[in-house]
DNA sequence: CTTTTCTCTTGATTTAAATCAATACATTTT
DNA sequence: AAAATGTATTGATTTAAATCAAGAGAAAAG
């Protein structure tokens, strides 16, 4: 239980056996079936989720009812509305399962306690945020600076598993495009 | 010296007089004239900069020579190519002064040392990354989900000082638009 | 196993933004 | 003070993406 999470943690910050036992006492498990929500916008995000198995997405829904995907998550990734988690404000995003999923949850109270009792947890958190920030900055740079063809090719090169595991219309949503446009972008690339 | 930086730090994590004195020994100063570079893409980002005074921008330049602004910075903000700073890889971004600037620099070696000698520095860093991550996620959400009018109004509401202090064509670049389009967006808003 | 839903593609048309071009005004620079 | 540079607006035209619409194949549900 919690194998992948502990492995992920130890890769970033190595734990002693005692620390690992302590950490485990703060973790809980959750299983989700395809299409079930982990979080709905307007609710408070009371835990962040490490994905042990399965595939998730976070997204907004606009006035016209269209989903805009903010983030994907598969095994080894963290997913949540961090804004809501950290501030206690209502979530802006929905989070649900694209495939059946097994999650490790760290609640806000567990998170706050861990920051106090386990200094390595703060380092783990900092490294996660560093990585997440850098990934997001690259995504933003790509949106602002590159053509659709370049953006799609960068995306598939950087996240081949995401590109293959999620349906194409979700990739389009993630890129801020209609499914038709992404289909045509792919065609232009394949012709070239 | 370093007044604003120390104030910013203390607001996030309160320091004792001894800790503050220790922290100061790791800081250096730098002044930049308008249009001078702090960093050029391809170089290694060897320090991040806290802005004590002035205005900065980070940006990419595409094949056609067009600037794409990634981030603005004014008094109290941090600016750098964090990707390059953290990984030691060549920077993707240029950083230069839009107004004459006074900076507090924390070099990579100072950063690494501070993480070891001053636990509160790790907390400070974590909180900075949390805030930066959340701000960037909101920007991305806005790009993917909202109309240009909404995006511009959100931007001016959230960062009134930036909107007023930087020329409009830079705001356009930050939004991924041409200056002409932003001019027309503003006109549509004012008519409405 | 068969009906329904989901997924992707393609075509025609509309719509929004980029581009090209000109001008006016403000601010640096010399 | 004059020249040069930077900044913002407006108009005409082109270009790229969204929208509307249809259909075909695959996957999921009953």
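Chains as they are written, first to last, in the numbering used here: chain E, 1 to 192; chain V, 193 to 384.
Beta carbons: idealized from backbone N, C-alpha and C, even for Gly.
Because the structure is a prediction, the values reported are computed rather than measured.
*Is residue 220 of chain V helix, strand or coil by DSSP?*
Counting from one through the second chain, the residue named residue 220 of chain V turns up at place 28. Of the three classes helix, strand and coil, the one that applies to residue 220 of chain V here is strand, per DSSP.
*Using CA coordinates, which residue listed in E/141, E/23, E/112 is at the minimum distance from residue 88 of chain E?*
The sequence position of residue 88 of chain E within the first chain is 88, counting from 1. Relative to the Cα of residue 88 of chain E, the nearest Cα in the group E/141, E/23, E/112 belongs to E/112.
_For residue 321 of chain V and residue 133 of chain E, which I take to be in contact (beta-carbon distance under 8 angstroms), what is that distance rounded to the nearest angstrom?_
Position 129 of the second chain holds residue 321 of chain V. Position 133 of the first chain holds residue 133 of chain E. About 5 angstroms; that satisfies the 8 angstroms criterion.
*Comparing the C-beta of residue 318 of chain V with each C-beta of chain E, is any distance below 7 angstroms?*
To locate residue 318 of chain V, count along the second chain from 1; it is residue 126. So, interface residue.
*asked:* Can you tell me which residues form a DSSP beta bridge with residue 189 of chain V?
replied: Because residue 189 of chain V is not part of the residues shown, which for chain V are 193 to 384, the question remains open.
*asked:* Give me the chain E residues within the contact set of residue 337 of chain V, using Cβ-Cβ distance strictly less than 7 angstroms, ordered along the chain.
replied: In the second chain, residue 337 of chain V corresponds to position 145, counting from 1. Simply 60, 62, 68.
*Quick one: grab the DSSP three-state call for residue 236 of chain E.*
Since the displayed chain E opens at 1 and closes at 192, residue 236 of chain E lies outside it and no answer follows.
*In terms of residues, what are the limits of the alpha helix (DSSP H) holding residue 288 of chain V?*
Walking along the second chain from the start, residue 288 of chain V turns up at place 96. Where residue 288 of chain V is concerned, there is no enclosing alpha helix (DSSP H), although the beta strand (DSSP E) it sits in stretches over 286 to 299.
*First through last residue of the beta strand (DSSP E) which encompasses residue 142 of chain E*: Here residue 142 of chain E is taken as the residue at index 142 of the first chain, counted from 1. Per DSSP, residue 142 of chain E belongs to no beta strand (DSSP E); it is in the alpha helix (DSSP H), 119 to 145.
*Report buried or exposed for residue 17 of chain E, applying the criterion of at least 16 other Cβ atoms within 10 angstroms of its Cβ.*
In the first chain, residue 17 of chain E corresponds to position 17, counting from 1. In this structure residue 17 of chain E is exposed. Its beta-carbon is surrounded by fewer than 16 other beta-carbon atoms within 10 angstroms.
*Measure the CB-CB distance between residue 73 of chain E and residue 8 of chain E and report whether it falls below 7 angstroms.*
Within the first chain, numbered from 1, the residue matching residue 73 of chain E stands at position 73. Within the first chain, numbered from 1, the residue matching residue 8 of chain E stands at position 8. Cβ distance not < 7 angstroms, so residue 73 of chain E and residue 8 of chain E don't count as in contact.
*Under 8 angstroms by beta carbon: chain E residues contacting residue 278 of chain V*: To locate residue 278 of chain V, count along the second chain from 1; it is residue 86. Per Cβ cutoff of 8 angstroms: 130, 134.
*Does residue 368 of chain V come within less than 7 angstroms of chain E when only Cβ atoms are used?*
For this step, residue 368 of chain V is matched to residue 176 along the second chain. For residue 368 of chain V, a Cβ of chain E is located within less than 7 angstroms of the residue's own Cβ.
*Taking only beta-carbon atoms, is residue 275 of chain V less than 7 angstroms away from chain E?*
Counting from 1 along the second chain, the entry for residue 275 of chain V is found at position 83. Taking Cβ atoms only, chain E reaches closer than 7 angstroms to residue 275 of chain V, which makes this a yes.
*Taking the C-alpha atoms as reference points, what is the distance between residue 233 of chain V and residue 297 of chain V?*
Position 41 of the second chain, counted from the first residue, corresponds to residue 233 of chain V. Position 105 of the second chain, counted from the first residue, corresponds to residue 297 of chain V. Answer to the nearest angstrom: the Cα atoms are 18 angstroms apart.
*DSSP beta-bridge partners of residue 73 of chain E*: Within the first chain, the letter at position 73 stands for residue 73 of chain E. For residue 73 of chain E, which the question treats as bridged, DSSP gives the partners E/56.
*Which chain E residues sit within Cβ distance under 7 angstroms of residue 373 of chain V?*
Taking the second chain and counting its residues from 1, one reaches residue 373 of chain V at position 181. Counting only Cβ-Cβ distances below 7 angstroms, residue 373 of chain V has no contacts in chain E at all, with the closest Cβ about 14 angstroms away.
*Work out the CA separation of residue 30 of chain E and residue 244 of chain V for me, nearest whole Å.*
Counting from one through the second chain, the residue named residue 244 of chain V turns up at place 52. Counting from one through the first chain, the residue named residue 30 of chain E turns up at place 30. In a straight line, the C-alpha of residue 244 of chain V is about 46 angstroms away from that of residue 30 of chain E.
*Quick one: which chain E residues come within Cβ less than 7 angstroms of residue 315 of chain V?*
Taking the second chain and counting its residues from 1, one reaches residue 315 of chain V at position 123. In chain order, 122 make up the part of chain E whose C-beta sits under 7 angstroms from the C-beta of residue 315 of chain V.
_So that I know if they touch, is there some Cβ in chain V lying closer than 7 angstroms to that of residue 103 of chain E?_
Numbered from its first residue, the first chain carries residue 103 of chain E at position 103. With 7 angstroms as the cut-off, residue 103 of chain E does not count as an interface residue toward chain V.
*Would you decide whether residue 157 of chain E is buried or exposed? Buried here means 16 or more other CB atoms lie within 10 Å of its CB.*
Position 157 of the first chain, counted from the first residue, corresponds to residue 157 of chain E. By the 10 Å Cβ count, residue 157 of chain E comes out exposed.
*Given a limit of 9 angstroms on CB to CB distance, which residues of the stretch 8 to 21 of chain E reach chain V?*
none
*Could you round the C-beta distance between residue 214 of chain V and residue 310 of chain V to whole angstroms and report it? I think they count as a contact, below 8 angstroms.*
As a working note, residue 214 of chain V is residue 22 in the second chain. As a working note, residue 310 of chain V is residue 118 in the second chain. So it is a contact: roughly 6 angstroms between Cβ atoms.
_Cutoff 7 angstroms; reference residue 19 of chain E; Cβ partners in own chain excluding five residues on either side_ = As a working mapping, residue 19 of chain E is identified with position 19 in the first chain. Around residue 19 of chain E: 118, 120.
*Name the two residues that bound the continuous alpha helix (DSSP H) containing residue 275 of chain V.*
Position 83 of the second chain, counted from the first residue, corresponds to residue 275 of chain V. Segment 274 to 279, the alpha helix (DSSP H) holding residue 275 of chain V.
*In the DSSP assignment, what are the bridge partners of residue 259 of chain V?*
Here the question's residue 259 of chain V lines up with position 67 in the second chain. Beta-bridge pairing links residue 259 of chain V to V/253.
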